[in-house]
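For the sequence shown, my numbering puts the final residue at 187, and the numbers step up evenly by one. Beta carbons: idealized from backbone N, C-alpha and C, even for Gly.
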Amino acid sequence: VAEDVGLRWGRWWTSPLAGLGTYALGLPLIVCGLLLAVVVAQLLPGAAPPEHPIQEEIASAGLGGVLALVVLAAVIVPPVEEIFFRGVLYRQLRELWGRCGSAVAVVLSIGLSSLLFAALHPQGVTFIPVLGALAVAFAISREVTGSIWPATIAHGLSNGVVVALNAVLFAS
């Protein structure tokens with residue numbers, strides 16, 4: 016089961032290096048997602064602007080609280096989400112659509128798992144393209160490496176950066 020969901024590490028240095036590569040791959044995809052988010056915002060003028068409940072927590076937290084939020088967002092949450100979205104869901108979608116041909120199965124699986132990942136986050140509809148773009152990088156990493164650990168590392172880096180930026184911008 017562990018192998019099926021991508022819980023394989025490999026050599027000690029390969030997953031961290033692939034995680035950095037995944038994060039780097041995600042950055043230009045995030046820019047594309049931001050451009051799509053602007054389009055979505057124009058198409059849905061009544062949609063709420065992107066926000067996250069963690070911003071309120073950061074604004075009222077002291078240093079210890081912010082550090083706890085960083086640990087939660089960058090260390091605890093990424094493995095859980097990656098096991099579900101790239102480990103279980105992505106793998107099942109790949110298997111389901113495998114008879115359509117490998118390339119079609121990969122594209123459909125990346126697309127649907129990334130859309131679900133983005134839509135289930137609390138940032139709002141206008142931020143779905145940004146989170147979806149990041150999820151595409153995570154799914155590509157899962158496909159290429161056969162492991163969820165590089166995506167988990169990239170996910171942790173991304174969440175850590177976002178929480179740290181929020182802490183700088185919203186802390187009282």
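- No Cβ-Cβ contact shorter than 8 Å links G175 with V53.
- Inter-residue distance for Q138 and V159 is about 28 Å (C-alpha atoms, whole angstroms).
- In terms of Cβ geometry, S162 and W28 do not form a close pair [threshold 8 Å].
- Pairwise C-beta distances place the stretch 62-76 out of contact with the stretch 119-130, as fewer than three of them are shorter than 8 Å.
- Look at R114 here: in three-state DSSP terms it is helix.
- Contact check between the stretch 32-40 and the stretch 127-147: fewer than three CB pairs, one atom from each, fall below 8 Å, which does not count as touching.
- Just measuring C-alpha positions, the residue of P60, V46 and Q70 sitting nearest F185 is Q70.
- Residue environment: R101 is assigned as buried (16 or more neighbouring CB atoms within 10 Å of its CB, all protein chains considered).
- Taking a C-beta distance under 8 Å as the contact criterion, L44 and A169 do not qualify as a contact pair.
- A Cβ-Cβ distance of about 5 Å is found for the pair Y105 and S124, placing them in contact under the 8 Å criterion.
- Looking at the backbone, the Cα of L58 and that of S129 are separated by about 21 Å.
- In the displayed model, R23 falls within coil according to three-state DSSP, outside both helix and strand.
- For A83, the secondary structure class from DSSP, reduced to helix, strand or coil, is helix.
- Of the residues V46, R26, A88 and L22, the one whose Cα lies closest to the Cα of N181 is A88.
- Cβ neighbours of P94 within its own chain (closer than 6 Å, five residues either side excluded): T167.
- Taken through DSSP and simplified to helix, strand or coil, H170 comes out as helix.
- DSSP places A74 in the uninterrupted alpha helix (DSSP H) bounded by P68 to S75.
- Per DSSP, reduced to three states, the secondary structure at L135 is coil, with no helix or strand assignment.
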